[in-house]
Amino acid sequence: MDGTLGLLGGTTGGGGGGGSTTWSASTVSKEDNPVMSSEVSSPYPDETELELGLGLSLGVGGGGLGSNSKPAAAPWGQYARILTAKDFPSLVSKSSSTSSSSVTKANSSTAGTKRSASDSVSPRNGTSSQVVGWPPLRTYRMNSMATQAKAPTAEDFSSPGEENESKNAVADRTTSGSNKNPHNAKEKRFLKTSLFVKVNMDGVGIGRKVDLNAHSCYENLAETLDDMFCRPTTTITARRSTVEENDVMTEASGPSKLLDGSSEFVLTYEDKEGDWMLVGDVPWGYVASSCYDIYVSEKLAALVTCGQSE
Amino acid sequence: MVPDPKRCNSCKDSASSRDSPEWTRPSAFPDEVLDRVLSLMESHKDRSSVSLVCKDWYNAERWSRSHVFIGNCYSVSPEIVARRFPNIRSVTLKGKPRFSDFNLVPQNWGADICAWLAVFAAAYPFLEELRLKRMAVSDESLEFIATSFPCFKSLSLLSCDGFSTDGLKSIASHCKNLTELDLQENVMDDLGGGWLSCFSENFVTLEVLNFASLNTDVSFDALEALVTRCKSLRVLKVNKNITLEQLQRLLVRAPQLVELGTGSFQQDLMPRVYAELESAFNNCKNLHTLSGLWEANFLYLPVLYVASASLTFLNLSYACLTSSELANLVAHCPSLRRLWFAVIIVSKTEVLDTVEDKGLEAVGSSCPLLEELRVFPADPFDQDIVHGVTESGFVAVSRGCRRLHYVLYFCRQMSNAAVATIVQNCPDFTHFRLCIMNPGQPDYLTNEPMDEAFGAVVKTCTKLQRLAVSGLLTDLTFEYIGKYAKNLETLSVAFAGSSDLGMQCVLGGCTKLRKLEIRDCPFGNAALLSGLEKYESMRSLWMSACNVTMNGCRLLAKEMPRLNVEVMKDDESDDSQADKTGSGHQYKIPVMTELTCTQILKIASLETARK
Numbered sequence: 001m002d003g004t005l006g007l008l009g010g011t012t013g014g015g016g017g018g019g020s021t022t023w024s025a026s027t028v029s030k031e032d033n034p035v036m037s038s039e040v041s042s043p044y045p046d047e048t049e050l051e052l053g054l055g056l057s058l059g060v061g062g063g064g065l066g067s068n069s070k071p072a073a074a075p076w077g078q079y080a081r082i083l084t085a086k087d088f089p090s091l092v093s094k095s096s097s098t099s100s101s102s103v104t105k106a107n108s109s110t111a112g113t114k115r116s117a118s119d120s121v122s123p124r125n126g127t128s129s130q131v132v133g134w135p136p137l138r139t140y141r142m143n144s145m146a147t148q149a150k151a152p153t154a155e156d157f158s159s160p161g162e163e164n165e166s167k168n169a170v171a172d173r174t175t176s177g178s179n180k181n182p183h184n185a186k187e188k189r190f191l192k193t194s195l196f197v198k199v200n201m202d203g204v205g206i207g208r209k210v211d212l213n214a215h216s217c218y219e220n221l222a223e224t225l226d227d228m229f230c231r232p233t234t235t236i237t238a239r240r241s242t243v244e245e246n247d248v249m250t251e252a253s254g255p256s257k258l259l260d261g262s263s264e265f266v267l268t269y270e271d272k273e274g275d276w277m278l279v280g281d282v283p284w285g286y287v288a289s290s291c292y293d294i295y296v297s298e299k300l301a302a303l304v305t306c307g308q309s310e
Numbered sequence: 001m002v003p004d005p006k007r008c009n010s011c012k013d014s015a016s017s018r019d020s021p022e023w024t025r026p027s028a029f030p031d032e033v034l035d036r037v038l039s040l041m042e043s044h045k046d047r048s049s050v051s052l053v054c055k056d057w058y059n060a061e062r063w064s065r066s067h068v069f070i071g072n073c074y075s076v077s078p079e080i081v082a083r084r085f086p087n088i089r090s091v092t093l094k095g096k097p098r099f100s101d102f103n104l105v106p107q108n109w110g111a112d113i114c115a116w117l118a119v120f121a122a123a124y125p126f127l128e129e130l131r132l133k134r135m136a137v138s139d140e141s142l143e144f145i146a147t148s149f150p151c152f153k154s155l156s157l158l159s160c161d162g163f164s165t166d167g168l169k170s171i172a173s174h175c176k177n178l179t180e181l182d183l184q185e186n187v188m189d190d191l192g193g194g195w196l197s198c199f200s201e202n203f204v205t206l207e208v209l210n211f212a213s214l215n216t217d218v219s220f221d222a223l224e225a226l227v228t229r230c231k232s233l234r235v236l237k238v239n240k241n242i243t244l245e246q247l248q249r250l251l252v253r254a255p256q257l258v259e260l261g262t263g264s265f266q267q268d269l270m271p272r273v274y275a276e277l278e279s280a281f282n283n284c285k286n287l288h289t290l291s292g293l294w295e296a297n298f299l300y301l302p303v304l305y306v307a308s309a310s311l312t313f314l315n316l317s318y319a320c321l322t323s324s325e326l327a328n329l330v331a332h333c334p335s336l337r338r339l340w341f342a343v344i345i346v347s348k349t350e351v352l353d354t355v356e357d358k359g360l361e362a363v364g365s366s367c368p369l370l371e372e373l374r375v376f377p378a379d380p381f382d383q384d385i386v387h388g389v390t391e392s393g394f395v396a397v398s399r400g401c402r403r404l405h406y407v408l409y410f411c412r413q414m415s416n417a418a419v420a421t422i423v424q425n426c427p428d429f430t431h432f433r434l435c436i437m438n439p440g441q442p443d444y445l446t447n448e449p450m451d452e453a454f455g456a457v458v459k460t461c462t463k464l465q466r467l468a469v470s471g472l473l474t475d476l477t478f479e480y481i482g483k484y485a486k487n488l489e490t491l492s493v494a495f496a497g498s499s500d501l502g503m504q505c506v507l508g509g510c511t512k513l514r515k516l517e518i519r520d521c522p523f524g525n526a527a528l529l530s531g532l533e534k535y536e537s538m539r540s541l542w543m544s545a546c547n548v549t550m551n552g553c554r555l556l557a558k559e560m561p562r563l564n565v566e567v568m569k570d571d572e573s574d575d576s577q578a579d580k581t582g583s584g585h586q587y588k589i590p591v592m593t594e595l596t597c598t599q600i601l602k603i604a605s606l607e608t609a610r611k
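Structure below.
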């Protein structure tokens, strides 16, 4: 449980201030698959508790707020705390037992006149979260959005460091670095959690990672793999000579070249029993529901299971 | 016992004034014919019209009415209702102002059902149905209902507060003929799921069961047994603690369901579960409404495809689908009339600022029969995230769904041009509720106010009944509204307007206006008092964080003694307010009015009034 507070990654900024608090990036929640390679961790379980912890600490102890006598007591205090987090560079770790009490409090707050701690902060761009009763959404709906964070979903296996490396990461999230991470945490509550799997291509020494959950079908996955391995990057270029020796892959490949057999490469995967199976026979959902590593090799590609997701 | 000042205890029964001789005329119809016609008449508006014709018709109507609708519980006393309508079987009551949903109304404001129940128990022992919205309902009241009305059949509580699952136990234990238990978005204490087990084993009459908004577990065995023996069950909405496998078992028991609210729609993909679930849905031939779908994703959504061709209402607002999941799902729902969903942020690999619109584009192309669209924000408060739907999604839907007439749309950016296009595509809007989430935000393309957008709405949509405006708005918006929105009944305004003129235009121009709710606008006493003659024909007026003063309210109450004028004052200490508003106290003024109220002027904390 305490581990969840530490899981926001080393880049937790506590908001706009660029973050002076460092969190342990190596803490792994108990939901993590022990088979997972050590570089991945799961930063997102129990986010609601994490967020409430942030809110409480800001309201009571941290950052020098003026009138912070009502920590996260407004019905959307757990949302408003995101803004306060931005303005306060230090985050104090709080146990989640105090955070749970703010949940019940949030529901029973009295009149909309009750302001959360964030309200005494000068508004940033007139943000709506500092206005009581705005946007006009029923408490039930807003609480539902919060509690969905608790739902156990497949783990997100990207560590913060990896986020910065991955070409898939969205520019405006990674480039803003630590400033964005509280928002990342909150964003990712609503993100489909990612299933990153390793992709290795035969003849290419450096692997890639691809998010299975970002793809809704085989075609998308094949297209991404095409982009990764068949559009030469600096890294792959160095290896291309090896590839070219064995039936050069043309660059103008259609989205499903990897699937329709017209390319020199095929995708196969290794299922749980260790059998090699050609990709495409089973519904996409079957494949994407477990975590596999993808090995793209000439003539043969293997998806190797790296463990059962949640 | 201190009389509740809100109750019209001394109000003269207006009906008695109609006993004077000039009202008596021989009726043109024999009584039997009139009674027969009236028995077929259900709309309360029609019945009100009938009752105004003459005394005979008034009496015929009041004796034949079995359902009464009271839109504002402070507009009339329960005694008056009981005296006028002797044969009521069903009551719909609405209490608090709508802004209480957003915590703008203090706790313990009122709207307590118990006074009504006491009168009903005496006057309507055969009462069958209670539909309450924004009322305060205690466990004692629920027990009172359960034990006082032996024929009680139908209980619907929407956005109510004050009760717990203990109260539900009373209902389940005592209401032997219950057909409906519908709980939606109430603020209640969820003390545990034992209430469902209180239905007796002989109880078989249930037709509607909705406990989707409860948070704790119910006994699944009790639920399954209940569903099994209630063969007439047509609406079942479970809460998110019910798993997919449990859902499958319930569906097998109740393939006749017309409306289904699922529980959690996610678990690891297991082929057997998938196949059985798909088969269960395949057997539900009558399914028209689907909701719940918590945590649904691409893994199990396809099981719905077998049943989705007949769906007319799909509520995905708790499902948090990605755009592609939404697109795939609606592609299988060609009959869809109503769609609610919440925009979520998709995974990092997709382009973020327009992808949510793609879901809406899919809706536009897949659901030509769509009439109602509600798009909720998934993340209402994080301003830095540039996600969510934009105007282009809305435009896309309007292009494909020409029958659209009800929209509730939360977005982060909008332009006048887009709204003009939308209403040109869909001129039949009756309900247009646009919420640009940053208060006072202008047209993002031109940086101008959004006046022309809402001008286009009211000019083009002549049938408009309900309008909610947002964004940067000057008085021009309200001039347009007053001039063109002749059918407007409900108007919600926030952070808008430039002067009293705005509100004056609305009050002067919108002849059918019934409900006006205003917050954080620069409307003052002149505006408030300009509607003096108007308020008696309205159900309610709400003004908060405006420029109205106490004196203005006093004047209103003095000029219009039949209005119920209430001023609520913040009793927060100054230091929590001063920094934020800079002006100290805020006056919240819900002005509740209806036809027959006596003067009630309640001003709280007068001694600290500053103006």
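Quick note, the sequences are listed as chains W and C, same order. For the first sequence, the UniProt record's numbering gives the first residue as 1, with consecutive numbering after it. For the second sequence, the UniProt record's numbering gives the first residue as 1, with consecutive numbering after it. For each residue, glycine too, the CB sits at the ideal point set by N, CA and C. Values in this document were obtained by computation on a predicted structure and should not be read as measured data.
Discussion item. Just to confirm, is the Cβ distance from C:Leu251 to C:Leu209 under 8 Å?
Written reply: On the second sequence, residue 251 of chain C is found 251 positions in, with the first residue counted as 1. On the second sequence, residue 209 of chain C is found 209 positions in, with the first residue counted as 1. No Cβ-Cβ contact shorter than 8 Å links C:Leu251 with C:Leu209.
Worksheet item: Of all the CB atoms in chain W, is at least one closer than 8 Å to the CB of C:Cys435?
Response: Residue mapping note: residue 435 of chain C aligns to position 435 of the second sequence, counting from 1. For C:Cys435, the answer is yes, since a Cβ of chain W falls inside 8 Å of its Cβ.
Worksheet item: Looking only at C-alpha atoms, which of C:Asn551, C:Arg562, C:Phe99, C:Cys521 sits nearest to C:Ala534?
Response: Residue mapping note: residue 534 of chain C aligns to position 534 of the second sequence, counting from 1. Reading the sequence as shown, one finds Lys at residue 534 of chain C and not Ala. The option with the nearest alpha carbon to C:Lys534 is C:Arg562.
Practice prompt. With a threshold of 16 other CB atoms inside 10 Å of the CB of C:Asp500, please say whether the residue is buried or exposed.
Written response: Along the second sequence, read from residue 1 onward, the residue named residue 500 of chain C stands at position 500. Buried.
Discussion item. Mapping the DSSP letters down to three states, classify W:Met228 as helix, strand or coil.
Written reply: Sequence index remark: in the first sequence, residue 228 of chain W carries index 228 (1-based). Of the three classes helix, strand and coil, the one that applies to W:Met228 here is helix, per DSSP.
Worksheet item: With DSSP run on the structure shown, which of helix, strand or coil describes C:Asp443?
Response: Counting from one through the second sequence, the residue named residue 443 of chain C turns up at place 443. In this structure, C:Asp443 counts as coil in the three-state DSSP scheme.
Worksheet item: Helix or strand or just coil, what does DSSP make of C:Cys411?
Response: To locate residue 411 of chain C, count along the second sequence from 1; it is residue 411. Looking at C:Cys411 - three-state DSSP - the assignment turns out to be strand.
Discussion item. Please classify C:Cys175 as buried or exposed, where buried requires at least 16 other C-beta atoms within 10 Å of its C-beta.
Written reply: By 1-based counting over the second sequence, the position of residue 175 of chain C is 175. Flag for C:Cys175 reads buried.
Worksheet item: Looking at C:Ile113 and C:Leu127, is the spacing between their C-beta atoms short of 8 Å?
Response: Within the second sequence, numbered from 1, the residue matching residue 127 of chain C stands at position 127. Within the second sequence, numbered from 1, the residue matching residue 113 of chain C stands at position 113. Cβ distance not < 8 Å, so C:Leu127 and C:Ile113 don't count as in contact.
Worksheet item: DSSP puts C:Gly261 in a beta bridge; with which residues?
Response: Sequence index remark: in the second sequence, residue 261 of chain C carries index 261 (1-based). Its beta-bridge partners are C:Lys237, C:Ser291.
Fill in: Element boundaries [beta strand (DSSP E), containing C:Ile80]
Counted from its first residue, the second sequence places residue 80 of chain C at position 80. Unbroken run through C:Ile80 is the alpha helix (DSSP H), 78–84; no beta strand (DSSP E).
Discussion item. Just checking C:Glu325 against the ligand FAD - is the residue's beta carbon closer than 7 Å to any of the ligand's heavy atoms?
Written reply: This structure simply doesn't include the ligand FAD, nor any ligand for that matter.
Worksheet item: For the segment 95–113 of chain C, which residues have a CB atom closer than 8 Å to at least one CB atom of chain W, in sequence order?
Response: Phe99, Asp101, Phe102, Asn103, Leu104, Val105, Pro106, Gln107: these are the residues of the segment 95–113 of chain C whose beta carbon lies less than 8 Å from some beta carbon of chain W, given in chain order.
Worksheet item: Do you know how far the Cα of C:Thr460 is from the Cα of C:Pro442?
Response: Here residue 442 of chain C refers to the residue found at position 442 when the second sequence is read from its first residue. Here residue 460 of chain C refers to the residue found at position 460 when the second sequence is read from its first residue. Cα atoms of C:Pro442 and C:Thr460: separation of roughly 21 Å, rounded to the nearest angstrom.
Worksheet item: Quick one: any contact between the segment 427–442 of chain C and the segment 475–482 of chain C, if contact means 3 or more CB pairs under 8 Å?
Response: With a cut-off of 8 Å, the segment 475–482 of chain C and the segment 427–442 of chain C do not count as touching, because too few Cβ pairs lie within range.
Worksheet item: Which partner residues of C:Gln184 appear in the DSSP bridge assignment?
Response: Taking the second sequence and counting its residues from 1, the one referred to as residue 184 of chain C is at position 184. C:Leu158.
Worksheet item: Can you find a C-beta in chain C that's less than 8 Å from the C-beta of W:Arg141?
Response: Along the first sequence, one-based indexing puts residue 141 of chain W at 141. With its beta carbon less than 8 Å from one in chain C, W:Arg141 belongs to the interface.
Worksheet item: Closest Cβ-Cβ distance between C:Tyr406 and chain W: below 8 Å?
Response: Walking along the second sequence from the start, residue 406 of chain C turns up at place 406. Not flagged as an interface residue toward chain W: C:Tyr406, since no C-beta distance is shorter than 8 Å.
Worksheet item: DSSP on C:Arg337, reduced to helix/strand/coil?
Response: Residue 337 of chain C sits at position 337 when you count from the first residue of the second sequence. If DSSP states are grouped into helix, strand and coil, C:Arg337 belongs with coil.
Worksheet item: Taking Cβ positions only, does W:Arg138 come closer than 8 Å to chain C?
Response: Numbered from its first residue, the first sequence carries residue 138 of chain W at position 138. Yes, its Cβ sits closer than 8 Å to a Cβ of chain C.
Worksheet item: Is the Cβ of W:Ala222 closer than 8 Å to any Cβ of chain C?
Response: Taking the first residue of the first sequence as 1, we reach residue 222 of chain W at position 222. W:Ala222 is outside the set of residues whose beta carbon lies under 8 Å from a beta carbon in chain C.
Worksheet item: Which of the three DSSP states, helix, strand or coil, is assigned to C:Asn283?
Response: Position 283 of the second sequence holds residue 283 of chain C. It is coil, neither helix nor strand.
Worksheet item: Counting contacts by CB-CB distance shorter than 8 Å, is C:Ser159 in contact with chain W?
Response: What you label residue 159 of chain C is simply residue 159 of the second sequence in a count that begins at 1. For C:Ser159, the answer is yes, since a Cβ of chain W falls inside 8 Å of its Cβ.
Worksheet item: How about C:Glu185: is its C-beta nearer than 8 Å to some C-beta of chain W?
Response: In the second sequence, counting from the first residue as 1, residue 185 of chain C sits at position 185. Among the residues facing chain W, C:Glu185 is included, as its CB has a counterpart in that chain under 8 Å away.
Practice prompt. Below 6 Å CB to CB, which residues in the same chain sit around C:Leu34 once its five sequence neighbours on both sides are set aside?
Written response: By one-based count along the second sequence, residue 34 of chain C stands at place 34. So the qualifying residues of the chain are Ala60.
Worksheet item: Does the distance from the CB of C:Gly194 to the CB of C:Arg539 come in under 8 Å?
Response: In the second sequence, counting from the first residue as 1, residue 194 of chain C sits at position 194. In the second sequence, counting from the first residue as 1, residue 539 of chain C sits at position 539. Taking 8 Å as the Cβ cut-off, C:Gly194 and C:Arg539 do not qualify as a contacting pair.
Item to complete: List the whole-angstrom C-beta distance separating C:Leu314 from C:Leu339, where the pair is believed to meet the contact cut-off of C-beta under 8 Å.
Response: Here residue 314 of chain C is taken as the residue at index 314 of the second sequence, counted from 1. Here residue 339 of chain C is taken as the residue at index 339 of the second sequence, counted from 1. About 5 Å separates the Cβ atoms of C:Leu314 and C:Leu339, confirming a contact at the 8 Å cut-off.
Item to complete: Could you please give me the residues that DSSP links to C:Ala342 through a beta bridge?
Response: Residue 342 of chain C sits at position 342 when you count from the first residue of the second sequence. Per DSSP, C:Phe376.
Discussion item. Does C:Glu247 come out as helix, strand or coil in the three-state DSSP assignment?
Written reply: As a first step, residue 247 of chain C must be located in the second sequence, where it is residue number 247. Reading off the sequence, residue 247 of chain C comes out as Leu, not Glu. Look at C:Leu247 here: in three-state DSSP terms it is helix.
Item to complete: Indicate the three-state DSSP secondary structure (helix, strand or coil) for C:Asp31 in the structure shown.
Response: Walking along the second sequence from the start, residue 31 of chain C turns up at place 31. Helix.
Worksheet item: For the candidate residues C:Cys151, C:Arg134, C:Leu369, whose alpha-carbon lies nearest to that of C:Phe163?
Response: In the second sequence, residue 163 of chain C corresponds to position 163, counting from 1. Selected option, being the one with the closest Cα: C:Arg134.
Worksheet item: On the three-state DSSP scale, how would you describe W:Lys105?
Response: Indexing the first sequence from 1 puts residue 105 of chain W at position 105. The pLDDT assigned to W:Lys105 is 34, lower than 50, so where the model puts this residue is not dependable, and the model offers no usable value.
Worksheet item: Can you check whether the CB of C:Arg399 is closer than 8 Å to the CB of C:Leu369?
Response: For the purposes of this step, residue 369 of chain C is identified with residue 369 of the second sequence, where counting begins at 1. For the purposes of this step, residue 399 of chain C is identified with residue 399 of the second sequence, where counting begins at 1. Result no, Cβ atoms of C:Leu369 and C:Arg399 do not sit closer than 8 Å.
Worksheet item: From which residue to which residue does the alpha helix (DSSP H) around C:Asn416 run?
Response: Translated into the one-based positions of the second sequence, residue 416 of chain C becomes position 416. According to the DSSP assignment, C:Asn416 belongs to the alpha helix (DSSP H) that extends over 416–425.
Worksheet item: CB-CB under 6 Å to residue 635 of chain C, same chain, minus the five flanking residues each way: which ones, in chain order?
Response: With chain C covering 1 to 611 only, the question about residue 635 of chain C has no answer from this structure.
Worksheet item: Between C:Ala115 and chain W, is there a C-beta pair that is closer than 8 Å?
Response: In the second sequence, the residue the question calls residue 115 of chain C occupies position 115. No, no contact with chain W.
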